[in-house]
Amino acid sequence: MKRMVMVLMALAFAVSMVQAASWTVYEDYTAYKAVKEAASKASDEGNTTVSVAKYKEAAALAAKSATKEIQAWQLNSAAYELIKAFKKTTDYSAKIEQLSGMTASKEKFATQKEIAANLEANIAPLTEAKAILEEAKALEGGEGPAEKIASNLDFISWVNQFLEDTKNPVEKKVEAAVNAGKEAVKDAEKPVEATKAK
Numbered sequence: 219m220k221r222m223v224m225v226l227m228a229l230a231f232a233v234s235m236v237q238a239a240s241w242t243v244y245e246d247y248t249a250y251k252a253v254k255e256a257a258s259k260a261s262d263e264g265n266t267t268v269s270v271a272k273y274k275e276a277a278a279l280a281a282k283s284a285t286k287e288i289q290a291w292q293l294n295s296a297a298y299e300l301i302k303a304f305k306k307t308t309d310y311s312a313k314i315e316q317l318s319g320m321t322a323s324k325e326k327f328a329t330q331k332e333i334a335a336n337l338e339a340n341i342a343p344l345t346e347a348k349a350i351l352e353e354a355k356a357l358e359g360g361e362g363p364a365e366k367i368a369s370n371l372d373f374i375s376w377v378n379q380f381l382e383d384t385k386n387p388v389e390k391k392v393e394a395a396v397n398a399g400k401e402a403v404k405d406a407e408k409p410v411e412a413t414k415a416k
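With the sequence shown counted from 1, adding 218 to any position gets you the working numbering.
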């Protein structure tokens with residue numbers, strides 16, 4: 219039993235040393251671990267503001283004396299906290315599921331407009347998350363959270379496109395294009411007065 223405990227302690231120490239090896243200043247690494255733990259605790263408690271601030275602080279510590287990959291992971295975590303808050307505040311999953319279960323109708327479009335109004339009223343966390351993700355994306359060197367960052371940016375783009383499509387439905391765009399085409403035809407059909415050469 220003692221041997222097993224010693225092996226586990228040695229393994230934990232080895233893992234800790236490997237993680238710390240990415241850092242140039244050990245004090246920053248220990249501060250990073252504490253800040254990251256505080257971020258995780260705040261997340262578990264549903265305190266998005268503190269969680270985001272702590273993940274950003276962890277990213278700043280990583281920028282100071284670790285790798286860009288670690289910094290990018292922390293920025294992605296901060297952005298993801300904001301995305302989770304947005305989804306919770308707007309009841310996003312249930313609303314989109316409700317909408318996707320409806321058949322095309324005036325009622326569905328009215329529901330879509332209602333959902334879009336709710337999403338737009340609560341868009342601030344996604345706007346902040348996008349800025350953080352763009353910063354993280356700029357740090358990416360091919361390793362780290364590239365897929366997660368891209369996925370989170372895709373989600374934000376989808377929400378923004380949903381809002382745009384709800385404000386300007388395809389039918390209105392098609393109708394506007396048809397009307398513009400009709401006007402162009404009318405203009406083309408106007409007789410052109412010939413000028414007589416004297």
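Don't be surprised by glycine CBs; every beta carbon is placed ideally from N, CA and C.
{"Item": "Give me the residue from LYS348, GLY359, GLY362 and PRO387 with the minimum Cα distance to GLU299.", "Value": "LYS348"}
{"Item": "Output needed for ASN340: all residues of its chain with C-beta closer than 7 Å, excluding positions within five of it in sequence on either side, in chain order.", "Value": "PHE304, THR307 and THR308"}
{"Item": "Between the Cα of SER240 and those of ILE367, GLU287, GLU325 and ALA297, spot the shortest distance and give me the residue it belongs to.", "Value": "GLU287"}
{"Item": "The alpha helix (DSSP H) that contains THR345, what's its start and end?", "Value": "342-357"}
{"Item": "Is it right to say TYR310 is buried, meaning 16 or more other beta carbons lie within 10 angstroms of its own, or is it exposed?", "Value": "buried"}
{"Item": "Thinking C-alpha only, which one of SER283, GLU255 and THR248 is nearest THR242?", "Value": "SER283"}
{"Item": "To the nearest angstrom, how far is it from the Cα of VAL253 to the Cα of PRO343?", "Value": "22 Å"}
{"Item": "Measure from the alpha carbon of LEU357 to the alpha carbon of each residue in ALA297, LEU293 and GLY264, then state which is nearest.", "Value": "LEU293"}
{"Item": "Output yes or no for whether 7 Å exceeds the beta carbon distance between ILE367 and LEU351.", "Value": "yes"}
{"Item": "Closest to GLU315 by C-alpha separation, out of THR329, LYS302 and LYS324, would be which residue?", "Value": "THR329"}
{"Item": "Tell me which residue opens and which closes the alpha helix (DSSP H) that SER311 is part of.", "Value": "310-318"}
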